[in-house]
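In the working numbering, the protein residues as written are 1 to 304.
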């Protein structure tokens with residue numbers, strides 16, 4: 001990285017408020033669980049002829065849009081992206097049947113809603129392809145996340161500064177991966193370079209050789225395949241082994257709803273937890289079986 005570019009990179013980071021500030025990027029502080037929405041599929045106003053999903057761009061991009069194309073049941077699934085808050089609000093207002101969440105449901109505004117875990121997100125630790133490092137330990141990564149380690153030489157790399165690129169996401173909820181890295185700390189290191197979207201994390205790491213980012217594999221998988229970035233092994237486990245249950249940086253993705261409508265929702269959930277649905281989800285996430293999710297359609301009918 002050229003020194004001028006590196007200084008410019010961190011100058012931008014310093015200009016972004018840290019936790020407790022009014023907001024960043026022109027957004028109010030309450031907007032922390034929102035993101036750039038996925039382009040919506042063509043859909044008319046909500047009606048009984050469609051099953052609508054809204055919220056959580058990781059699940060929208062990573063599986064729901066592909067599931068909508070493969071699902072042959074009725075009513076058809078239509079997908080809108082957004083954030084966890086949008087998903088909860090859409091369900092409460094009757095604007096969507098299903099709301100997606102990547103944050104813990106317990107303690108959130110959606111904690112009183114019925115929900116089901118549908119997949120597990122995989123967090124990739126990504127670096128520029130010119131970085132010689134191939135793996136990182138959890139404690140070393142946590143030290144970077146806390147701001148205790150500022151140079152690559154402290155985590156097994158070359159003697160140069162680390163540009164830690166992160167998205168301040170769901171600041172009022174401690175998502176599982178953040179809890180794993182930060183414990184009870186409220187937020188990432190204020191020395192980090194905060195960006196607005198997961199895509200921007202990937203773009204920034206691909207541009208700067210000294211950068212390191214933590215981002216959903218949904219957004220990192222294709223750039224990694226093209227050689228634009230590289231995903232580090234964590235605790236010696238490559239990200240490709242995440243489906244075997246050994247990769248440590250994962251977290252549940254849930255769908256919430258206001259009430260169970262068996263005629264409209266049952267066929268889709270059967271498909272989602274079935275072999276084709278799980279195959280689609282497995283492209284960039286870890287699929288969850290019906291048994292793991294505690295999903296039994298007969299029991300859902302009885303609970304209505």
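Every residue, glycine too, gets a C-beta built ideally from N, C-alpha and C.
What you are looking at is a predicted structure, and each value in this text was computed from that prediction instead of being measured.
Taking residue 141 as part of the alpha helix (DSSP H), name the residues at either end of that continuous run.
-> 138-146
Terminal residues of the continuous alpha helix (DSSP H) containing residue 199?
-> 198-207
So residue 155 and residue 144 are in contact, right, with Cβ under 8 Å, and what is the actual spacing, rounded?
-> 6 Å
Kindly identify the DSSP beta-bridge partner or partners of residue 256.
-> 99, 115
Taking residue 52 as part of the beta strand (DSSP E), name the residues at either end of that continuous run.
-> 51-54
Burial state of residue 278 (16 or more Cβ within 10 Å) = buried
Assuming residue 141 contacts residue 181 under a Cβ cut-off of 8 Å, what Cβ separation, rounded to an integer in Å, is found between them?
-> 6 Å
Could you check the C-alpha separation between residue 80 and residue 100 for me, to the nearest Å?
-> 10 Å
Do you know how far the Cα of residue 89 is from the Cα of residue 52?
-> 13 Å
Express the C-alpha separation of residue 153 and residue 75 in angstroms, rounding to a whole number.
-> 55 Å
Going by C-alpha distance, which of 265, 234, 302 is nearest residue 137?
-> 234
Where DSSP assigns a beta bridge to residue 333, which residues make up the other side?
-> Because the chain here runs from 1 to 304, residue 333 falls outside it and cannot be looked at.
Is it true that the CB of residue 107 sits closer than 9 Å to the CB of residue 87?
-> no
Determine the direct distance from the alpha carbon of residue 113 to that of residue 258, and round the result to whole angstroms.
-> 6 Å
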